[in-house]
Amino acid sequence: MTGGHRRILVVEDDPETAGQLVESLTTSGYQVDLATSGNEALRRGATGGYAVITIDRMLPDIDGITVMRQFRDDGIAAPVLIVSALGEVDDRVRGLRAGGDDYLVKPFSFVELLARVEALGRRSDTIVKETILRVGDLALDLVSRTASRRGKDIVLFPREFQLLEYLVRNEGRVVSRAMLLQHVWDLHFDPSTNIIDVYVGRVRRKVDGQQAYPLIHTVRGTGYCLRAPG
Amino acid sequence: MLLAKTLTSSTFRLALIAIGTFGVIVSAIFSYVYLSTSAYVRSRSDRAIVTEYLSLKSTYERSGRDGLIALIQERIADSSFADNVYILADPSLVTLAGSLRTWPSTATAAEGWIEFRAPEPLPNATTRPLLRAMLGTFPSRDRLLVGRDISELDGFADQIKTAVISCVVLIFVLAGVASILVTRRTVGRIESINAASRAIMQSGLDQRIPLRGTHDEWDRVAENLNLMLDRIETLMGEVKQVSDNVAHDLRTPLTRTRGRLEKAYHGHRIGEDAKALIGDTIADLDAVLRIFSSLTRIAQIETQARRGAFRTVNLVDIAGEVVELYDAAAEQENTRLTVVGDREVLVTGDRDLIFDAIANLVDNAIKHGRSGGQVVVANENIDGKPVISIADDGPGIPPCEYEQVFKRFYRLEHSRYTPGNGLGLSLVAAVAHLHGARIEMLDNSPGLKLKLWFSAPMR
Chain A
1 MTGGHRRILV VEDDPETAGQ LVESLTTSGY QVDLATSGNE ALRRGATGGY AVITIDRMLP
61 DIDGITVMRQ FRDDGIAAPV LIVSALGEVD DRVRGLRAGG DDYLVKPFSF VELLARVEAL
121 GRRSDTIVKE TILRVGDLAL DLVSRTASRR GKDIVLFPRE FQLLEYLVRN EGRVVSRAML
181 LQHVWDLHFD PSTNIIDVYV GRVRRKVDGQ QAYPLIHTVR GTGYCLRAPG
Chain B
1 MLLAKTLTSS TFRLALIAIG TFGVIVSAIF SYVYLSTSAY VRSRSDRAIV TEYLSLKSTY
61 ERSGRDGLIA LIQERIADSS FADNVYILAD PSLVTLAGSL RTWPSTATAA EGWIEFRAPE
121 PLPNATTRPL LRAMLGTFPS RDRLLVGRDI SELDGFADQI KTAVISCVVL IFVLAGVASI
181 LVTRRTVGRI ESINAASRAI MQSGLDQRIP LRGTHDEWDR VAENLNLMLD RIETLMGEVK
241 QVSDNVAHDL RTPLTRTRGR LEKAYHGHRI GEDAKALIGD TIADLDAVLR IFSSLTRIAQ
301 IETQARRGAF RTVNLVDIAG EVVELYDAAA EQENTRLTVV GDREVLVTGD RDLIFDAIAN
361 LVDNAIKHGR SGGQVVVANE NIDGKPVISI ADDGPGIPPC EYEQVFKRFY RLEHSRYTPG
421 NGLGLSLVAA VAHLHGARIE MLDNSPGLKL KLWFSAPMR
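Sequence lines, in order, name chains A and B. Per my numbering, the first sequence starts with residue 1, numbered consecutively. Per my numbering, the second sequence starts with residue 1, numbered consecutively.
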């Protein structure tokens with residue numbers, strides 16, 4: 001990635017949260033600019049070149065949604081992650097409808113935020129049109145929707161294939177349970193039980209069972225990561 | 001329908017009571033009028049008889065039997081005394097003079113009043129009239145009877161009676177009709193206000209009860225109800241504002257706290273013990289936050305702010321997605337999770353919320369059902385109504401707890417130690433209420449069957 005693609009604009013009015021955000025993003029190798037108000041965000045955003053912009057929904061001067069709309073009107077296409085304390089379904093929908101690319105509810109785990117920022121940053125890269133995805137000895141045929149390891153077919157239900165595809169596309173990156181629900185099931189809801197874990201567990205048995213090495217790893221307290229050893 | 005409501009309405013009952021009371025009073029007044037009128041007429045007639053009797057008696061005393069016979073004959077010939085009846089009889093009751101040839105058999109007393117049917121028609125008449133007469137016996141034991149035809153008096157009384165009765169009947173009929181009409185109007189107006197209120201409860205607080213512009217008491221009732229609705233809407237808005245602010249104000253410090261904990265967790269110089277402690281704290285914090293957002297969400301659904309997202313959706317599709325999502329979880333419990341029923345069951349609603357409700361019910365069924373048992377999700381159209389039911393074959397719920405389980409944080413004794421926060425069914429209830437759906441709990445013997453009766457989709 002070029003330097004420009006590692007630049008992030010964080011719009012957050014609470015100084016401590018902003019500080020924590022900047023710190024954790026910087027630690028992860030991003031170059032972070034901070035705006036503490038809507039107007040400052042608009043000024044900084046106009047200079048362009050950001051890979052991802054995170055915007056707090058409630059700002060002291062201008063509403064976060066308005067800021068984002070303004071960005072879109074100004075032709076700034078960088079993906080936007082809306083961070084909100086409102087956390088209500090309606091606001092989530094409203095945020096996405098106004099041109100937000102993803103939505104995160106306060107308080108969030110920084111690992112989750114990083115995972116989402118990573119995913120958004122990747123989306124703004126050129127999308128590669130591939131028909132076969134490979135990680136280690138795992139191959140996903142996106143046309144026939146089949147998976148195999150070392151040439152041996154793995155029987156998957158359509159949803160299981162989608163889940164594996166999402167993990168493969170985010171190879172090496174942490175994917176949270178909420179992200180899986182959102183992108184694999186298209187659901188914005190918070191299941192009280194560990195259904196995602198159970199689901200991933202089933203896919204994992206099919207993919208990693210009786211293999212030389214595991215591909216799907218659990219990241220404690222956050223989610224999952226698919227990666228080949230070495 | 002409206003007539004039935006009219007007849008059972010309280011206004012109509014009041015009207016009936018009023019008509020009853022009024023009717024009794026009117027009947028009493030009219031009876032008094034009737035009785036006093038007929039008594040007056042009768043007493044006038046009696047006075048005329050007495051006067052005539054006394055005049056005849058004095059003639060007898062003055063001019064003797066022959067003088068009286070002459071006078072009686074004179075009177076009979078005189079047309080102005082045509083209403084009168086006279087009989088003068090000797091002590092053996094043989095008529096000496098008079099308008100009747102025979103002494104009435106009932107007139108046995110020496111003196112006094114009698115009423116009798118004439119044994120023969122009077123001169124110049126064809127019918128036998130009813131007579132009232134005064135009897136008297138002179139010292140010579142000759143007897144005199146002076147009477148009048150009272151048939152006409154009776155006819156007059158009858159006429160008054162007929163008039164009074166028809167008046168009373170007419171009043172009752174008119175009052176009855178009037179009260180039905182008035183009640184009907186009232187009930188109709190109340191019904192329209194009721195219908196508007198129901199519609200407002202169903203579809204949200206942005207509607208108002210329509211006014212007729214007549215500025216009558218009903219318009220005032222509607223105006224006041226509308227004012228109340230305005231107030232409720234304002235309060236709801238304020239509550240929402242407050243909870244939004246609370247949400248914001250609570251979440252900001254919690255975000256900082258979580259951030260600090262996370263930073264500590266990922267710190268380099270930290271022991272395993274401390275790390276585990278911090279990890280548990282983060283998990284607890286997340287649990288608190290989950291409860292918090294569940295409560296906000298239920299409250300938000302209950303304020304009915306989400307009807308904008310209503311579309312026609314197929315319950316079968318949603319149920320299919322839920323079952324697919326929970327398939328693995330069911331498999332883990334060795335539970336057979338299946339969808340049965342119709343292929344298309346359409347409802348008007350919010351897909352995400354319905355998904356959430358069904359997911360909660362399926363989650364409960366798997367969690368509280370029998371391990372190795374089965375959970376059946378059935379979609380049906382019953383009498384045009386879309387119905388979804390979720391049934392397990394576990395221990396079920398005692399019927400006395402059916403109502404309780406929808407309360408926030410309520411947990412059954414035997415499920416106190418299974419994961420969950422006691423908010424799932426409250427959310428289901430809120431979603432059902434938003435959609436105007438009815439929840440029915442049934443004994444699946446064994447197990448619990450919960451049915452959601454939606455209303456037919458809007459076309």
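Positions of the beta carbon are idealized from the N, C-alpha and C atoms, including for glycine. Every value quoted in this text rests on a predicted model; they were computed, and no experiment measured them.
| query | result |
| --- | --- |
| Any non-hydrogen atom of the ligand ZN closer than 6 angstroms to B:Thr-335 Cβ | No copy of the ligand ZN appears in this structure; indeed no ligand is present at all. |
| Inter-residue spacing [alpha-carbon to alpha-carbon] between A:Leu-81 and A:Val-11 | 10 angstroms |
| Neighbouring residues, chain A, relative to B:Lys-263 (Cβ below 9 angstroms) | Gln-20, Glu-23, Ser-24 and Phe-110 |
| Exposed unless 16 or more other CB atoms sit within 10 angstroms - verdict on A:Ala-35 | buried |
| Beta-bridge pairing of B:Asp-149 - partner residues as DSSP gives them | B:Leu-131 |
| Inter-residue Cα distance where the pair is B:Ser-243 and A:Gly-19 | 27 angstroms |
| Beta-bridge pairing of B:Glu-115 - partner residues as DSSP gives them | B:Arg-132 |
| Given 8 angstroms, three or more beta-carbon pairs between the segment 81–92 of chain B and the segment 147–166 of chain B | yes |
| Interface positions of the segment 144–162 of chain A facing chain B (Cβ-Cβ less than 7 angstroms), listed along the chain | Arg-159 |
| Start-to-end residues for the beta strand (DSSP E) that takes in B:Arg-297 | Run containing B:Arg-297: none in the beta strand (DSSP E); it sits in the alpha helix (DSSP H), 272–302. |
| Closer than 7 angstroms to chain B by CB, A:Glu-16 | yes |
| Interface residues of chain B facing A:Lys-106 [CB-CB closer than 8 angstroms] | Arg-251, Thr-252, Leu-254 and Thr-255 |
| The segment 197–214 of chain B in contact with the segment 67–83 of chain B per 3-pair CB rule at 8 angstroms | no |
| Under 9 angstroms from the C-beta of A:Arg-202: neighbouring residues of chain B | Asp-327, Ala-328, Glu-331 and Gln-332 |
| CA-to-CA distance, B:Val-428 to B:Asn-460, given in whole angstroms | Coverage of chain B is limited to positions 1 through 459, which leaves residue 460 of chain B absent and any answer about it impossible. |
| Outcome for B:Gly-372 when other beta-carbon atoms lying within 10 angstroms are tallied against a minimum of 16 | exposed |
| Three-way DSSP call (helix, strand, coil) for B:Thr-37 in this model | helix |
| Unbroken alpha helix (DSSP H) run spanning B:Pro-386, endpoints | From DSSP, B:Pro-386 is part of no alpha helix (DSSP H) but of the beta strand (DSSP E) over 385–391. |
| As assigned by DSSP and simplified to three states, the class of A:Thr-146 | strand |
| C-beta neighbour in chain A for B:Gly-369, strict 7 angstroms | no |
| Distance between B:Thr-255 and B:Ala-222 (C-alpha atoms, nearest Å) | 48 angstroms |
| 7 angstroms Cβ cut-off: residues of chain B touching A:Leu-81 | Ordered by position in chain B, no residue passes the 7 angstroms Cβ test against A:Leu-81, which lies about 15 angstroms from the chain. |
| Inter-residue spacing [alpha-carbon to alpha-carbon] between B:Ser-99 and B:Glu-120 | 10 angstroms |
| Alpha-carbon spacing of B:Met-458 relative to B:Met-236, whole angstroms | 27 angstroms |
| Which listed residue (B:Ser-92, B:Ala-107 and B:Val-164) has its alpha carbon closest to that of B:Arg-141 | B:Ser-92 |
| As assigned by DSSP and simplified to three states, the class of A:Lys-152 | strand |
| Cβ-based burial, A:Val-155 [other Cβ within 10 Å; buried from 16] | exposed |
| Rounded C-alpha distance that separates B:Glu-262 from A:Val-83 | 18 angstroms |
| Endpoints, the alpha helix (DSSP H) within which A:Gln-31 is located | That residue, A:Gln-31, is in no alpha helix (DSSP H); its beta strand (DSSP E) goes 31–35. |
| CB contact check: B:Gly-394 to chain A, cutoff 7 angstroms | no |
| Limits of the alpha helix (DSSP H) - the one that A:Ala-18 falls within | 15–27 |
| Contact with chain A by B:Gly-188, beta-carbon distance below 7 angstroms | no |
| Euclidean distance between Cα positions of A:Thr-2 and A:Ala-115 | Any reading at A:Thr-2 needs caution, since the residue's pLDDT is 41, under 50, leaving its predicted position unreliable; the model's value is listed next. C-alpha separation (whole angstroms): 19 angstroms. |
| Inter-residue spacing [alpha-carbon to alpha-carbon] between B:Arg-44 and B:Thr-214 | 59 angstroms |
| Between the CA atoms of A:Leu-104 and A:Leu-113 - distance to the nearest angstrom | 8 angstroms |
| Cβ contact check for the segment 434–454 of chain B and the segment 387–400 of chain B: 3 or more pairs under 8 angstroms | yes |
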